[in-house]
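2 protein chains.
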Amino acid sequence: MVRASIRALALAFLLSSLGLAATADAAHAGRGAAPVRVGIVLFDGVQIIDFAAPYEVFGQAGFSVATVSPDGRAVSTAMELSVSPDHGFADAPAFDVLLVPGGDVHAAAADEAILAFVRARSAGAKHVLSVCTGSHILAAAGMLDGLTATTFYPAVGQLAADYPKIRVVSDQRWVDSGRIVTSAGLSSGIDAALHVVARLRGEDAARTTALHLEYDWRPDDGFVRGRMADRYLPGLRDVAWPSDIAFERLVAVGDEDRWRMRYRVASQTPREKLLSRIAHSIDGDGDGWRRDPDEDGYRWQRNVDGRRLVLTVATWPGERDGMFELESRLVIAQGFAQEGQPDKPGARR
Amino acid sequence: MVRASIRALALAFLLSSLGLAATADAAHAGRGAAPVRVGIVLFDGVQIIDFAAPYEVFGQAGFSVATVSPDGRAVSTAMELSVSPDHGFADAPAFDVLLVPGGDVHAAAADEAILAFVRARSAGAKHVLSVCTGSHILAAAGMLDGLTATTFYPAVGQLAADYPKIRVVSDQRWVDSGRIVTSAGLSSGIDAALHVVARLRGEDAARTTALHLEYDWRPDDGFVRGRMADRYLPGLRDVAWPSDIAFERLVAVGDEDRWRMRYRVASQTPREKLLSRIAHSIDGDGDGWRRDPDEDGYRWQRNVDGRRLVLTVATWPGERDGMFELESRLVIAQGFAQEGQPDKPGARR
Chain A
-15 MVRASIRALA
-5 LAFLLSSLGL
5 AATADAAHAG
15 RGAAPVRVGI
25 VLFDGVQIID
35 FAAPYEVFGQ
45 AGFSVATVSP
55 DGRAVSTAME
65 LSVSPDHGFA
75 DAPAFDVLLV
85 PGGDVHAAAA
95 DEAILAFVRA
105 RSAGAKHVLS
115 VCTGSHILAA
125 AGMLDGLTAT
135 TFYPAVGQLA
145 ADYPKIRVVS
155 DQRWVDSGRI
165 VTSAGLSSGI
175 DAALHVVARL
185 RGEDAARTTA
195 LHLEYDWRPD
205 DGFVRGRMAD
215 RYLPGLRDVA
225 WPSDIAFERL
235 VAVGDEDRWR
245 MRYRVASQTP
255 REKLLSRIAH
265 SIDGDGDGWR
275 RDPDEDGYRW
285 QRNVDGRRLV
295 LTVATWPGER
305 DGMFELESRL
315 VIAQGFAQEG
325 QPDKPGARR
Chain B
-15 MVRASIRALA
-5 LAFLLSSLGL
5 AATADAAHAG
15 RGAAPVRVGI
25 VLFDGVQIID
35 FAAPYEVFGQ
45 AGFSVATVSP
55 DGRAVSTAME
65 LSVSPDHGFA
75 DAPAFDVLLV
85 PGGDVHAAAA
95 DEAILAFVRA
105 RSAGAKHVLS
115 VCTGSHILAA
125 AGMLDGLTAT
135 TFYPAVGQLA
145 ADYPKIRVVS
155 DQRWVDSGRI
165 VTSAGLSSGI
175 DAALHVVARL
185 RGEDAARTTA
195 LHLEYDWRPD
205 DGFVRGRMAD
215 RYLPGLRDVA
225 WPSDIAFERL
235 VAVGDEDRWR
245 MRYRVASQTP
255 REKLLSRIAH
265 SIDGDGDGWR
275 RDPDEDGYRW
285 QRNVDGRRLV
295 LTVATWPGER
305 DGMFELESRL
315 VIAQGFAQEG
325 QPDKPGARR
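From first to last, the protein sequence lines stand for chains A and B. Residue 154 in the working numbering is what sits at position 170 of the first sequence, and the numbering runs on without skipping anything. Residue 170 in the working numbering is what sits at position 186 of the second sequence, and the numbering runs on without skipping anything.
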């Protein structure tokens, strides 16, 4: 926000109707402390929100923010926004906070110039913050070995597989391992950046910044993607997929207690045959899914951590031959840990 | 997020361990519907998060997104990120959704070329979405007359004063007035953009997008800046401020039930004298603040909507002469509407 007059207005109390021009809104820069210098590493394929949202957070906190690309030339982000950085690696100034965003990091995580820059500049920084798959760049630079870290939820398994020395977690919105902070996917970078503000300027400064951003920062009980119920969905690696199959995801919604996925599927294999192959895979996946023999359709149950999971899978005819929809639903019921125990009326869902 | 292999991984269920390359992730584009074309108006001073976060939301929803500036040349955002648009006004294609971000909108809201473009392109769009002070541009274009709208919280009063034909509200995170949606400040644009996705593609698509963004979208009970307790802070227009006074805001934190503001103040006027002038203004501000005669310091009470508000103001010595800190605290107690009624033990706070 914030044209001059509006910035003045932002100084509420002594502000929203102060009637005199406030002469400074250091925006929580705090007590004459030296300004914090943030450097953001940009590369082709960088995800917009991964760098832009923390840029806003740090800027509103009164930090100075500069962007850097390998050669100093414009980068094309994921979704193709063109952004011109302030510096190339060769002329980048010193930074107190180094931000490594994610996105299409395949090339960046294999680019020795980027890895060398991140490694060198991290050594001089007070904090290094990765957002989303930016942690894969830190991992490739060898900076996460021996630490706990997180990433974009669907990439958690890959990070763990590629870097066995990292303790990869999916149940935190960001992981503070001391100097290095890794955040989960996309919008998680807002929360992690606020956490870095709190580390450097205190909790009050971070809360003030969040409120100015009109953002509901909940450092202790905030949303964590990896806690949603889809973490219990069975893997389907071993399904005998037909070679012509193609998926389009239509719906992936839920919360900590339930999940629903729907795909449009294109294949010449009949849908009932495909469903049967999927069911066969779930039956044998080793996670303890037990098919309900009394149920006409495809329904499984499984007990995990004192909770009963119910999974149903069904298909629907599509708009034309060779296309259909496939939907799975997972519901977690609490308080029914004993196998065979009937549902108690009035029990907590 | 989202290199190619990671994008495939994002196709959970049939995905997180699918083991075959998913051939399409239309990301909720939905059933072969025509793609939604989003146009984002950029101008010098545009706030980064105002346009970048909705860009991410719309892109993840499978919409095509293009940016436009008046002459097609790069713009320098607030906080000076340089962004090169896809089009100038002259060669901009048709859009289904027009996004008007905020920021330093002083020049933009007075720029006839921008107003004419916004007016003309809004006429052909299914939805127009303003973020933050972007609503001041829509207002200047005459597009909000007769409608309900909102804006960045500290700019609410100014929008209402400048445009009396608009019903300006501060108690909603976004306002859907049919074709035009206006959102509150900064991060509110994420929620409002998700709402536009819901309008165009349905609630499932918006929820799927939010979950992919790892964002805690709560359309019904989400955070609203204008509901925080500082809306009850007294205006201080009539304080006899000394001419040399300067403020730096250090803290502005709270929630719906309490608020705390702290400023560093520079002035040669002694702090106790300034405090006395502020107290005199609060005593006479007409909002019914009643100074507590038994209290040694400065404490006021006021009853509003069945709730008791308690305001305290104090100063502290600064680091050097001519500087000090000024802090106000507001607490809202519920269940004590009757004047003089003692606190009930166990009553709801």
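All C-beta atoms, glycine included, are put in the ideal place defined by N, C-alpha and C. A quick note: this is a predicted structure, and the numbers were derived from the prediction, not measured.
Sub-8 Å separation of residue i and residue j beta-carbons
| i | j | result |
| --- | --- | --- |
| V84 (chain B) | V25 (chain B) | yes |
| L82 (chain B) | V112 (chain B) | yes |
| S119 (chain B) | T132 (chain B) | no |
| D40 (chain A) | I33 (chain B) | Here residue 40 (chain A) turns out to be Glu, not Asp, going by the sequence shown. The answer is yes: Cβ separation under 8 Å. |
| P226 (chain B) | T192 (chain B) | no |
| F79 (chain B) | A97 (chain B) | no |
| V102 (chain B) | L128 (chain B) | no |
| G306 (chain B) | A250 (chain B) | yes |
| I262 (chain B) | A37 (chain B) | no |
| R246 (chain A) | E311 (chain A) | yes |
| V67 (chain B) | S66 (chain A) | yes |
Environment of residue i [buried if 16+ CB atoms lie within 10 Å]
| i | result |
| --- | --- |
| R57 (chain B) | exposed |
| Q318 (chain A) | exposed |
| R185 (chain B) | buried |
| P69 (chain A) | buried |
| Q44 (chain A) | buried |
| S260 (chain A) | exposed |
| S53 (chain A) | buried |
| P224 (chain B) | For clarity, residue 224 (chain B) is Ala in the given sequence; the question names Pro instead. With fewer than 16 other Cβ atoms within 10 Å, it is exposed. |
| E303 (chain A) | exposed |
| G14 (chain B) | For G14 (chain B), the pLDDT reaches just 42, beneath the cut-off of 50, and the residue's location in the model is therefore unreliable, although a value from the coordinates is still provided. With 16 or more Cβ atoms within 10 Å of its Cβ, G14 (chain B) is classed as buried. |
| G169 (chain A) | buried |
| G23 (chain A) | buried |
| P138 (chain A) | buried |
| R233 (chain A) | buried |
For residue j and residue i, the rounded distance between their alpha carbons
| i | j | result |
| --- | --- | --- |
| G281 (chain B) | R255 (chain B) | 13 Å |
| A176 (chain B) | G270 (chain A) | 43 Å |
| R313 (chain A) | G86 (chain A) | 30 Å |
| P277 (chain B) | W284 (chain B) | 9 Å |
| L195 (chain B) | D214 (chain B) | 32 Å |
| R183 (chain A) | A189 (chain B) | 36 Å |
| G108 (chain A) | S48 (chain A) | 17 Å |
| V152 (chain B) | R105 (chain B) | 24 Å |
| D160 (chain A) | S167 (chain A) | 9 Å |
| R157 (chain B) | G206 (chain B) | 8 Å |
| S154 (chain B) | R21 (chain B) | 30 Å |
| R333 (chain B) | G162 (chain B) | The predicted model places R333 (chain B) with a pLDDT of 33, which falls under 50 and marks its position as unreliable; any figure quoted below should be read in that light. Those two C-alpha atoms are separated by around 38 Å. |
| A62 (chain B) | F27 (chain B) | 10 Å |
| R274 (chain A) | R286 (chain A) | 6 Å |
| G46 (chain B) | V235 (chain A) | 13 Å |
| V315 (chain B) | E240 (chain B) | 9 Å |
| E187 (chain A) | V181 (chain A) | 8 Å |
| Y147 (chain B) | K110 (chain B) | 24 Å |
| R248 (chain A) | E309 (chain A) | 4 Å |
| D204 (chain B) | D200 (chain A) | 14 Å |
| V59 (chain A) | K257 (chain B) | 56 Å |
| H71 (chain B) | Y216 (chain A) | 45 Å |
Nearest to residue i (by Cα), restricted to the options the options
| i | options | result |
| --- | --- | --- |
| A92 (chain B) | B:S312, B:D267, B:V30, B:S161 | B:V30 |
| R211 (chain B) | B:V140, B:L65, B:F231 | B:V140 |
| V297 (chain A) | A:R291, A:V20, A:R244 | A:R244 |
| S172 (chain A) | A:I150, A:Y147, A:R209, A:G162 | A:R209 |
| I266 (chain B) | B:L258, B:P218, B:A230 | B:P218 |
| A76 (chain B) | B:L99, B:A250, B:A50 | B:A50 |
| I150 (chain B) | B:I174, B:P138, B:A125, B:G169 | B:A125 |
| F42 (chain B) | B:H179, B:P138, B:A145 | B:H179 |
| R292 (chain B) | B:R242, B:E198, B:D95 | B:R242 |
| V165 (chain B) | B:L258, B:V115, B:V288 | B:V115 |
Residue i Cβ short of 7 Å to the ligand COA heavy atom set
| i | result |
| --- | --- |
| K110 (chain A) | Summarising the ligand content, the structure contains no ligands, and the ligand COA is consequently not present. |
Contacting positions in the region 114 to 126 of chain A - beta carbon closer than 8 Å to chain B: Of all residues in the region 114 to 126 of chain A, C116, T117 have a Cβ within less than 8 Å of some Cβ in chain B.
Members of the region 169 to 200 of chain B near chain A, C-beta cut-off 8 Å: Answer set for the region 169 to 200 of chain B: G169, L170, S171, S172, I174, D188, A189, R191, T192, L195, H196, L197, E198, Y199, D200.
Short-range partners of chain A found in the region 45 to 78 of chain B, where Cβ spacing is below 7 Å: Considering only beta carbons, the part of the region 45 to 78 of chain B lying closer than 7 Å to chain A consists of V49, T51, A58, A62, M63, L65, S66, V67, S68, in chain order.
Near-chain B residues of the region 220 to 245 of chain A (beta-carbon distance less than 7 Å), N- to C-terminal order: Answer set for the region 220 to 245 of chain A: L220, R221, W225, A230, F231, E232, R233, L234, V235, A236, V237, M245.
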